[in-house]
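Chains as they are written, first to last, in my numbering: chain L, 45 to 537; chain P, 45 to 537.
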């Protein structure tokens with residue numbers, strides 16, 4: 045892909061970094077699936093040691109990276125390599141090792157404390173840790189440098205080049221439109237705030253058979269993919285030939301595990317369809333969290349929650365879950381698409397979900413911008429939830445303590461979830477030019493959809509920046525119109 | 045454990061090496077248990093990259109290691125650190141990276157070819173690879189240096205300081221005694237060459253419950269230990285708080301999976317009982333394969349195959365495997381202890397097992413000493429099997445092609461299996477001074493046995509060399525008398 049010796053050398057020097065990432069992914073996957081609980085300490089130690097090696101190895105790229113900047117006439121692959129290497133180098137040259145180490149140590153401790161705080165619904169336990177984390181993240185932003193708002197430096201770590209201006213431009217019309225949709229739904233005669241099936245218990249073995257059928261419908265491969273069980277569903281890519289998802293079985297409301305499987309399969313399909321020539325290079329991944337999330341959301345919402353997919357899955361549901369026979373396909377569709385204000389983000393529907401994100405985004409901006417103290421956050425959170433979603437948490441476990449992200453230092457991450465929804469809307473809109481998507485789903489013929497995504501998005505890996513890729517593949521950038529239009533059509537007609 | 049700054053620095057510098065070993069162990073465990081099959085190539089790539097980093101990191105120890113050699117008045121811990129570091133450095137400074145790389149590449153390919161050769165029972169497929177491996181291992185021995193026989197250099201990689209003279213001194217009386225025992229057994233009136241239970245099928249779920257009960261009896265911990273399924277049973281130690289075993293369910297002859305579990309638990313208990321102050325140092329492991337194997341053999345044969353353990357397990361067997369009710373405890377004991385000539389090493393009983401090892405040891409010596417050509421090996425093997433065990437393989441899959449070791453470059457490894465048996469005999473003999481072992485097993489009171497092993501052997505990790513540890517803990521070194529006496533008492537009285 046490159047005949048340039050400097051680029052070749054960079055790719056060579058990157059190999060051990062790839063291998064260390066591979067190890068880190070396996071560490072994480074193992075930690076969440078099979079690792080004995082008391083192994084956490086030694087695993088953390090190993091992770092820290094490998095992270096130090098990683099840092100050294102990235103810094104080894106410095107010389108060739110500055111040589112590469114002076115090169116002319118590069119192709120897209122070569123430019124992509126340089127872009128990614130410069131981003132990695134920026135982080136490790138600007139953020140001092142002591143700060144990285146402090147962040148790692150603090151967040152490792154904080155994750156344990158957060159778990160306990162959530163369990164006891166006690167913010168005071170977590171408060172000193174969150175204060176420290178906010179402080180450290182502000183320092184990180186200062187070291188990285190930013191324009192306009194320190195939060196921009198943090199968001200950039202997850203979504204290249206994203207600013208609060210960009211996000212505001214997306215969220216402001218999105219919120220207006222979604223509030224309208226929600227109030228129309230709530231005031232309709234057929235509005236329901238819950239569904240009987242949410243309380244119906246299922247057997248885990250039967251549910252596993254349903255999920256296997258979901259994997260079969262989506263055409264997930266046998267030899268490069270697997271599914272396990274973990275507390276929180278996630279996707280882990282060890283390599284382009286080793287992508288693994290997890291799901292969980294909560295024992296009731298069977299849609300949760302099904303949609304988590306479809307969601308994670310969306311992530312997995314992305315990684316499995318990246319061009320193999322990008323393996324072992326810095327480009328063997330999606331370009332950002334927002335783009336990656338667009339794929340999981342596209343499959344979960346635009347495919348999985350469609351009437352056609354519901355019908356396609358219905359016989360499998362009836363066969364394995366006897367209680368489903370009491371419900372028509374139409375009723376299952378309603379159960380899959382119940383829109384109503386709720387408190388928990390991960391269980392939210394595709395309309396109100398974005399309100400949960402906006403609340404987090406506003407709170408994070410205030411914290412990092414110094415406009416709010418950590419101690420004020422629970423109250424701000426509750427007020428905003430009431431304002432945006434229309435419900436007020438009765439305790440902190442279903443309020444400000446519900447998400448793991450802050451304890452892990454992932455501030456600036458949340459907005460990418462809604463950007464994923466927005467980009468999924470753009471994907472769905474663009475795909476319709478080439479494919480009759482609903483028809484394909486109805487026939488269970490999923491491969492043309494996968495092929496379209498591969499050709500337009502997946503195969504490019506991280507060659508293009510998130511903006512470039514959106515422009516190239518979807519003809520637009522972070523435009524919420526398509527999502528709004530889709531939701532209006534789905535819920536208001 | 046050390047107040048010496050040079051030793052401290054060595055231990056510090058060793059940390060990333062520990063982490064890389066941790067990653068390598070997890071790679072291996074994952075490969076054998078859950079990894080999707082087509083991920084082998086990228087896993088191999090990652091392994092190779094981490095091995096290169098590992099080599100660099102070991103070489104970083106050079107300067108402090110030579111400083112440390114000049115230190116006086118060191119304690120055992122400090123001496124142990126230096127001994128282990130010198131061994132690692134010796135390997136990486138004497139064996140050139142190209143040879144290491146060639147060995148890795150050749151054995152990776154050879155493992156695939158061997159699998160196919162065994163399947164087809166066709167030596168000619170494997171022959172060119174074995175030739176190359178023998179050549180490379182001879183070169184490795186030359187680079188490492190040796191006295192008397194190049195095979196000594198190779199054995200030393202698995203069992204510190206072991207020579208063919210030592211092994212001959214063990215095997216020669218052992219073979220004489222075992223031949224006598226076997227012929228006495230074969231000529232006895234009650235001799236049986238097989239047992240009905242070898243053909244009885246079991247259900248996997250029921251068998252898993254039995255194995256869980258075995259784990260409970262042995263007191264395997266919940267939070268630092270786990271058991272999975274793989275093609276070949278093995279133990280993998282990620283850290284002193286993360287030790288995992290595997291077993292396999294072949295569907296018939298239920299003793300196989302039970303004894304593989306007990307065997308691997310013997311390895312696992314060793315690693316779990318190493319003193320935690322040795323974690324993250326070069327001493328957080330047993331000192332050699334022979335010593336490690338002594339623990340697995342002690343538990344498998346001296347505990348597991350005892351009459352008392354059989355009785356202890358009998359109710360569990362009857363409860364979960366209905367067909368067991370047709371057999372008395374005495375009959376199960378006979379089934380557990382059937383001694384007769386067989387062709388497959390891994391299924392051999394505790395008497396004839398050692399013949400299998402002697403055959404491999406003699407063949408390896410001839411190959412590495414240049415006294416036999418690779419092409420002559422199948423015939424030599426068959427002749428020796430007939431001579432030692434008294435049976436002649438009818439095909440190569442049950443003959444010279446049965447073991448994975450040579451394809452992986454592990455020449456010099458086999459003797460440690462029988463040394464393990466020999467040392468297990470020494471352990472059992474010595475333990476009787478302090479404990480009434482049979483009585484404890486009969487009562488299911490296993491913890492005093494574990495405690496004894498911890499205090500005398502496990503907790504020291506690799507502080508002492510294999511010889512030092514044997515002398516210190518068992519008062520003797522590689523002495524086969526105790527094993528012979530145990531087998532004579534068990535099978536001839």
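Ideal placement from N, C-alpha and C gives every residue a C-beta, glycine not left out.
For residue 182 of chain L, report the span of its alpha helix (DSSP H) as first-last.
Within the first chain, numbered from 1, the residue matching residue 182 of chain L stands at position 138. From DSSP, the alpha helix (DSSP H) with residue 182 of chain L extends over 167-188.
Quick one: is residue 388 of chain P buried, meaning 16 or more other Cβ sit within 10 Å of its Cβ, or exposed?
Residue numbering aside, residue 388 of chain P sits at position 344 when the second chain is read from its first letter. With a threshold of 16 other beta carbon atoms within 10 Å, residue 388 of chain P falls short and is exposed.
According to DSSP, is residue 228 of chain P part of a helix, a strand, or is it coil?
For the purposes of this step, residue 228 of chain P is identified with residue 184 of the second chain, where counting begins at 1. The three-state reading of DSSP puts residue 228 of chain P in helix, counting H, G and I together.
Just reading off the beta strand (DSSP E) that residue 286 of chain L is part of, what are its end residues?
As a first step, residue 286 of chain L is located in the first chain; it is residue number 242 there, counting from the start. Where residue 286 of chain L is concerned, the enclosing beta strand (DSSP E) stretches over 286-291.
When you compare only the Cα positions, how much space is there between residue 206 of chain L and residue 200 of chain L?
For this step, residue 206 of chain L is matched to residue 162 along the first chain. For this step, residue 200 of chain L is matched to residue 156 along the first chain. Rounded to whole angstroms, residue 206 of chain L to residue 200 of chain L spans 6 Å at the Cα level.
Taking only beta-carbon positions, decide if residue 141 of chain P is within less than 8 Å of chain L.
For the purposes of this step, residue 141 of chain P is identified with residue 97 of the second chain, where counting begins at 1. Taking CB atoms only, residue 141 of chain P has no neighbour in chain L less than 8 Å away.
Going along the chain, which unbroken runs of the alpha helix (DSSP H) with 4 or more residues stay wholly within the region 185-218 of chain L?
194-202
Anything in chain P within Cβ reach of residue 60 of chain L, meaning under 9 Å, just list it in chain order.
On the first chain, residue 60 of chain L is found 16 positions in, with the first residue counted as 1. Here the neighbours are 93, 94, 96 and 97.
Using a threshold of 8 Å, state whether the C-beta atoms of residue 508 of chain P and residue 92 of chain P are closer than that.
Here residue 508 of chain P corresponds to residue number 464 of the second chain, with the count starting at 1. Here residue 92 of chain P corresponds to residue number 48 of the second chain, with the count starting at 1. Taking 8 Å as the Cβ cut-off, residue 508 of chain P and residue 92 of chain P do not qualify as a contacting pair.
Mind checking if residue 535 of chain L is an interface residue toward chain P, Cβ cutoff 8 Å exclusive?
Here the question's residue 535 of chain L lines up with position 491 in the first chain. Not closer than 8 Å to any Cβ of chain P, the Cβ of residue 535 of chain L fails to qualify, so no.
Measure the beta-carbon distance from residue 79 of chain L to residue 286 of chain P and round it to whole angstroms, keeping in mind my assumption that it falls under 8 Å.
Numbered from its first residue, the first chain carries residue 79 of chain L at position 35. Numbered from its first residue, the second chain carries residue 286 of chain P at position 242. With 8 Å as the limit, residue 79 of chain L and residue 286 of chain P qualify as a contact, their Cβ atoms being about 7 Å apart.
Just to make sure I have the definition right: I need the residues of chain L whose C-beta is within less than 7 Å of the C-beta of residue 270 of chain P. Which are they?
Counting from one through the second chain, the residue named residue 270 of chain P turns up at place 226. Simply 78 and 80.
In three-state DSSP terms, what is residue 50 of chain P?
Within the second chain, the letter at position 6 stands for residue 50 of chain P. The three-state secondary structure of residue 50 of chain P, taken from DSSP, is helix.
Using a Cβ cut-off of 8 Å, pull out every chain P residue sitting near residue 323 of chain L, in sequence order please.
By one-based count along the first chain, residue 323 of chain L stands at place 279. Those are 86, listed as they occur along chain P.
Tell me the DSSP secondary structure of residue 272 of chain P in three-state form.
For the purposes of this step, residue 272 of chain P is taken as residue 228 along the second chain, with counting starting at 1. Three-state result, residue 272 of chain P: strand.
What residues from chain P crowd round residue 475 of chain L, counting only those whose CB sits closer than 9 Å?
Reading the first chain from its first residue, position 431 is the one you call residue 475 of chain L. In chain order: nothing, as chain P lies at least about 28 Å away.
Between residue 214 of chain P and residue 405 of chain P, is the Cβ-Cβ spacing less than 8 Å?
Taking the first residue of the second chain as position 1, residue 214 of chain P is located at position 170. Taking the first residue of the second chain as position 1, residue 405 of chain P is located at position 361. Cβ distance not < 8 Å, so residue 214 of chain P and residue 405 of chain P don't count as in contact.
Excluding the five sequence neighbours on either side, which residues of its own chain have a C-beta within less than 6 Å of the C-beta of residue 304 of chain P, listed in chain order?
Residue numbering aside, residue 304 of chain P sits at position 260 when the second chain is read from its first letter. Contacts found: 277 and 291.
Please check if any C-beta of chain P sits within less than 8 Å of the C-beta of residue 267 of chain L.
Mapped onto the first chain, residue 267 of chain L falls at position 223. Closer than 8 Å to some Cβ of chain P, the Cβ of residue 267 of chain L qualifies, so yes.
Beta-carbon within less than 7 Å of residue 139 of chain P's beta-carbon, same chain only, minus the 5 sequence neighbours each way: which residues are those?
Here residue 139 of chain P refers to the residue found at position 95 of the second chain. Within the same chain, residue 139 of chain P has close Cβ partners 184, 187 and 188.
With a cut-off of 8 Å, does the C-beta of residue 282 of chain P fall near any C-beta of chain L?
Translated into the one-based positions of the second chain, residue 282 of chain P becomes position 238. Residue-level contact check: residue 282 of chain P touches chain L, since one or more beta carbons of chain L fall below 8 Å from its beta carbon.
Taking Cβ to Cβ, would you say residue 143 of chain P is nearer than 8 Å to residue 456 of chain P?
In the second chain, the residue the question calls residue 143 of chain P occupies position 99. In the second chain, the residue the question calls residue 456 of chain P occupies position 412. No, the pair does not count as a contact, with Cβ atoms beyond the cut-off.
I need the boundaries of the alpha helix (DSSP H) containing residue 462 of chain P, first residue and last residue.
Walking along the second chain from the start, residue 462 of chain P turns up at place 418. 459-478 is the span of the alpha helix (DSSP H), which, as asked, contains residue 462 of chain P.
Since residue 278 of chain L meets chain P, which of its residues come closer than 7 Å, beta carbon to beta carbon?
The residue you call residue 278 of chain L lines up with position 234 of the first chain. None at all; the shortest Cβ gap to chain P is about 15 Å.
Leaving out five residues on either side along the sequence, give the residues of the same chain with a beta carbon under 7 Å from the beta carbon of residue 606 of chain P.
Chain P is shown from 45 up to 537; residue 606 of chain P falls before or after that span and cannot be answered.
Just checking, does the region 371-384 of chain P make contact with the region 239-253 of chain P on the three C-beta pairs under 8 Å criterion?
Result yes; three or more Cβ-Cβ pairs closer than 8 Å.
Just the chain L side, please: which residues come within less than 9 Å of residue 89 of chain P by C-beta, in chain order?
Against the second chain, residue 89 of chain P aligns to sequence position 45. Those are 59, 62, 63, 66, 283, 323 and 324, listed as they occur along chain L.
According to DSSP, is residue 279 of chain P part of a helix, a strand, or is it coil?
Taking the second chain and counting its residues from 1, one reaches residue 279 of chain P at position 235. Here residue 279 of chain P carries a strand assignment [DSSP, helix/strand/coil].
When burial is assigned at 16 or more other CB atoms within 10 Å of the CB, is residue 49 of chain P buried or exposed?
Taking the first residue of the second chain as 1, we reach residue 49 of chain P at position 5. Per the 10 Å Cβ criterion, exposed.
Please name the residue, chosen from P:452, P:284 and P:283, that lies closest to residue 146 of chain P on a Cα-to-Cα basis.
The residue labelled residue 146 of chain P in the question sits at position 102 within the second chain. The candidate whose alpha carbon is nearest that of residue 146 of chain P is P:452.
Does the Cβ of residue 279 of chain P have 16 or more other Cβ atoms within 10 Å, making it buried, or fewer, making it exposed?
Translated into positions along the second chain, residue 279 of chain P becomes position 235. Answer is buried; the Cβ neighbour count reaches 16.
State the Cα-Cα distance for the pair residue 72 of chain P and residue 66 of chain P, rounded to the nearest angstrom.
For the purposes of this step, residue 72 of chain P is taken as the residue at position 28 of the second chain. For the purposes of this step, residue 66 of chain P is taken as the residue at position 22 of the second chain. Residue 72 of chain P and residue 66 of chain P: Cα-Cα distance of roughly 10 Å.
From the DSSP output, in three-state form, read off residue 296 of chain L for me.
In the first chain, the residue the question calls residue 296 of chain L occupies position 252. The answer is strand: DSSP assigns residue 296 of chain L an E or B state.
On the CB-based measure, 16 or more other CB atoms within 10 Å of its CB, does residue 149 of chain P come out buried or exposed?
As a working note, residue 149 of chain P is residue 105 in the second chain. Counting Cβ neighbours within 10 Å, residue 149 of chain P comes out exposed, since fewer than 16 surround it.
Are the C-beta of residue 74 of chain L and some C-beta of chain P separated by less than 8 Å?
For the purposes of this step, residue 74 of chain L is identified with residue 30 of the first chain, where counting begins at 1. A Cβ of chain P is located within less than 8 Å of the beta carbon of residue 74 of chain L.
To the nearest angstrom, how far is it from the Cα of residue 537 of chain P to the Cα of residue 488 of chain P?
Within the second chain, numbered from 1, the residue matching residue 537 of chain P stands at position 493. Within the second chain, numbered from 1, the residue matching residue 488 of chain P stands at position 444. Rounded to the nearest angstrom, the two C-alpha atoms are 25 Å apart.
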